[in-house]
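Note sheet for the following structure.
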Ligand code: NAD
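Residue numbers (the numbering used here): 4 to 264.
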């Protein structure tokens with residue numbers, strides 16, 4: 004029960020990595036307030052996960068909805084200790100010589116401004132609590148080409164720099180800010196980005212799992228709990244001297260595969 008007595012706000016917890024974090028933090032004794040644009044799944048989770056779980060519909064591209072999520076989390080649970088700014092989607096896949104300005108703006112709003120506003124509207128509450136931990140979802144795409152669309156990857160690189168700058172500003176309030184950088188994790192993000200219907204989803208997930216197992220030296224795709232454990236580390240007292248940095252949780256993807264001679 005590493006997080007007994009703590010409250011965490013998680014965005015994008017109706018699916019994938021965020022859902023893995025919801026499950027881990029509930030198992031470890033936290034109160035969890037989750038915001039997601041998918042209200043059907045969030046509402047269904049309310050009836051199955053018990054009294055320590057709260058859901059509020061939240062579109063993270065809308066600043067007022069993020070503020071409301073943070074304010075209501077305090078109202079429902081008494082205060083916020085941990086924030087996991089995680090919601091996201093693949094966004095438009097156009098190349099730099101094709102993408103529209105509107106698609107670019109949307110991607111930045113979904114993946115970068117959302118994290119900035121998550122920090123912005125959580126920080127006053129964390130200060131009142133005497134400190135806390137913020138964890139942001141970046142990506143292997145933050146570092147190099149080849150793993151995601153250009154707008155997505157640019158936004159994810161921004162998340163890393165934002166993490167460092169926010170850590171520098173908020174350290175005086177005992178608020179630590181760190182990022183996790185997942186490799187290929189088996190979630191719905193790829194099928195959603197490709198616009199797959201529910202029949203195609205399983206096929207895409209299986210195929211991507213095989214690709215991931217082939218390119219990640221730890222020869223399997225990641226699972227949401229792999230990432231949730233890294234989030235738990237950054238959120239815990241064990242990371243009390245760790246801020247402004249990131250953890251790659253990518254099965255060695257960025258190391259590269261061993262050539263066979
Ligand atoms: P997922 O599709 O399984 O989950 C994403 C969740 O975010 C969904 O519940 C979705 O409803 C929610 N969401 C989407 N748009 C939203 C919005 N505007 N407002 C609120 N909620 C919204 O995907 P995932 O793989 O779990 O993705 C979670 C995070 O991890 C994303 O930021 C993604 O970019 C990042 N990531 C994923 C991988 C991977 O391999 N799966 C790798 C690196 C980074």
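Don't be surprised by glycine CBs; every beta carbon is placed ideally from N, CA and C.
Limits of the beta strand (DSSP E) - the one that residue i falls within
| i | result |
| --- | --- |
| residue 39 | 34-39 |
| residue 214 | Element bounds for residue 214: not the beta strand (DSSP E) but the alpha helix (DSSP H), 201-218. |
| residue 10 | 10-14 |
| residue 227 | Not the beta strand (DSSP E): residue 227 falls in the alpha helix (DSSP H), residues 227-238. |
| residue 59 | 56-60 |
| residue 140 | 135-140 |
| residue 183 | 178-185 |
Exposed unless 16 or more other CB atoms sit within 10 angstroms - verdict on residue i
| i | result |
| --- | --- |
| residue 179 | buried |
| residue 238 | buried |
| residue 131 | exposed |
| residue 344 | Any question about residue 344 goes unanswered here, given that the chain covers just 4 to 264. |
| residue 269 | Residue coverage of the chain in this structure runs from 4 to 264, which leaves residue 269 outside it and unanswerable. |
| residue 117 | buried |
| residue 253 | buried |
| residue 86 | buried |
| residue 182 | buried |
| residue 43 | exposed |
| residue 30 | exposed |
| residue 258 | exposed |
| residue 139 | buried |
| residue 51 | exposed |
| residue 197 | exposed |
Proximity test, residue i beta-carbon vs the ligand NAD heavy atom, cut-off 7 angstroms
| i | result |
| --- | --- |
| residue 185 | yes |
| residue 110 | no |
| residue 92 | yes |
| residue 259 | no |
| residue 138 | no |
| residue 113 | yes |
| residue 228 | no |
| residue 26 | no |
| residue 17 | yes |
| residue 53 | no |
Between the CA atoms of residue j and residue i - distance to the nearest angstrom
| i | j | result |
| --- | --- | --- |
| residue 79 | residue 4 | 21 angstroms |
| residue 47 | residue 88 | 22 angstroms |
| residue 234 | residue 223 | 20 angstroms |
| residue 7 | residue 32 | 4 angstroms |
| residue 128 | residue 169 | 15 angstroms |
| residue 209 | residue 189 | 9 angstroms |
| residue 16 | residue 45 | 8 angstroms |
| residue 256 | residue 142 | 11 angstroms |
| residue 265 | residue 20 | Given a span of 4 to 264 for the chain in the structure shown, any question on residue 265 remains unanswerable. |
Unbroken alpha helix (DSSP H) run spanning residue i, endpoints
| i | result |
| --- | --- |
| residue 95 | That residue, residue 95, is in no alpha helix (DSSP H); it is neither H nor E in DSSP. |
| residue 88 | Note, residue 88: premise wrong, no alpha helix (DSSP H); beta strand (DSSP E) at 85-88. |
| residue 162 | 153-173 |
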